[in-house]
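Per full-length UniProt numbering, the sequence shown starts with residue 1, numbered consecutively.
Glycine is no exception: its CB is placed at the ideal position from the N, C-alpha and C atoms.
Treat the numbers as computed from the prediction; the structure is a model and nothing was measured.
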Amino acid sequence: MPFYESNLYNYISKLKSEDIRKKEILVQILKALAYLHSQNIIHNDIESDNVLIDEDLNIKISDFGLSCTNDELCKIFLKLKFEENEGKYYHYSPEIR
């Protein structure tokens with residue numbers, strides 16, 4: 001596995017706000033997430049510490065410890081009886097509720 005020197009938070013915090021590299025990084029992240037979703041995988045823990053960046057600005061999504069397939073996630077949420085706890089789960093997407 002190649003060495004990734006930094007994570008997204010550390011790298012972005014060093015850039016100026018108008019730096020074009022931020023857009024390049026964002027496009028890579030979105031493409032990576034689109035690929036995962038096309039494979040029916042949900043990461044469940046996307047945060048700046050889980051996006052690694054090498055010196056050539058190549059990103060890798062890391063820490064798949066909470067990831068699951070869409071089917072597995074739906075099975076978990078269906079067991080929670082959302083009707084009884086509607087107010088508690090306002091942050092979940094409509095297709096899961």
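Could you check how far apart the C-beta atoms of Tyr9 and Ser48 are, in whole angstroms? I think they sit under 8 angstroms. Here residue 9 is taken as the residue at index 9 of the sequence shown, counted from 1. Here residue 48 is taken as the residue at index 48 of the sequence shown, counted from 1. Contact flag correct, Cβ pair sits at about 4 angstroms.
Could you pull the start and end residues of the beta strand (DSSP E) that Ile53 belongs to? On the sequence shown, residue 53 is found 53 positions in, with the first residue counted as 1. Start and end: 51 to 53.
Cβ atoms of Asp54 and Tyr4: under 7 angstroms apart, would you say? To locate residue 4, count along the sequence shown from 1; it is residue 4. To locate residue 54, count along the sequence shown from 1; it is residue 54. Their beta carbons are under 7 angstroms apart, which means Tyr4 touches Asp54 by this criterion.
Would you identify the three-state DSSP class for Ile46, choosing helix, strand or coil? By 1-based counting over the sequence shown, the position of residue 46 is 46. The answer is coil: DSSP assigns Ile46 none of H, G, I, E or B.
Looking at Asn70 and Asn40, is the spacing between their C-beta atoms short of 7 angstroms? For the purposes of this step, residue 40 is taken as the residue at position 40 of the sequence shown. For the purposes of this step, residue 70 is taken as the residue at position 70 of the sequence shown. Their beta carbons are under 7 angstroms apart, which means Asn40 touches Asn70 by this criterion.
Check this for me: beta carbons of Ile59 and Val51, under 7 angstroms apart or not? If you number the sequence shown from 1, residue 59 lands on position 59. If you number the sequence shown from 1, residue 51 lands on position 51. Yes, Cβ-Cβ distance for Ile59 and Val51 is below 7 angstroms.
Three-state secondary structure assigned by DSSP to Ser38: What you label residue 38 is simply residue 38 of the sequence shown in a count that begins at 1. Three-state DSSP puts Ser38 in a helix.
Would you identify the three-state DSSP class for Ile29, choosing helix, strand or coil? Here the question's residue 29 lines up with position 29 in the sequence shown. It is helical.
Hey, out of Ser67, Ser38, Val27, Ile20, whose CA is closest to Ile46's CA? Here residue 46 is taken as the residue at index 46 of the sequence shown, counted from 1. Comparing Cα-Cα distances from Ile46 to each of Ser67, Ser38, Val27, Ile20, the minimum goes to Ser67.
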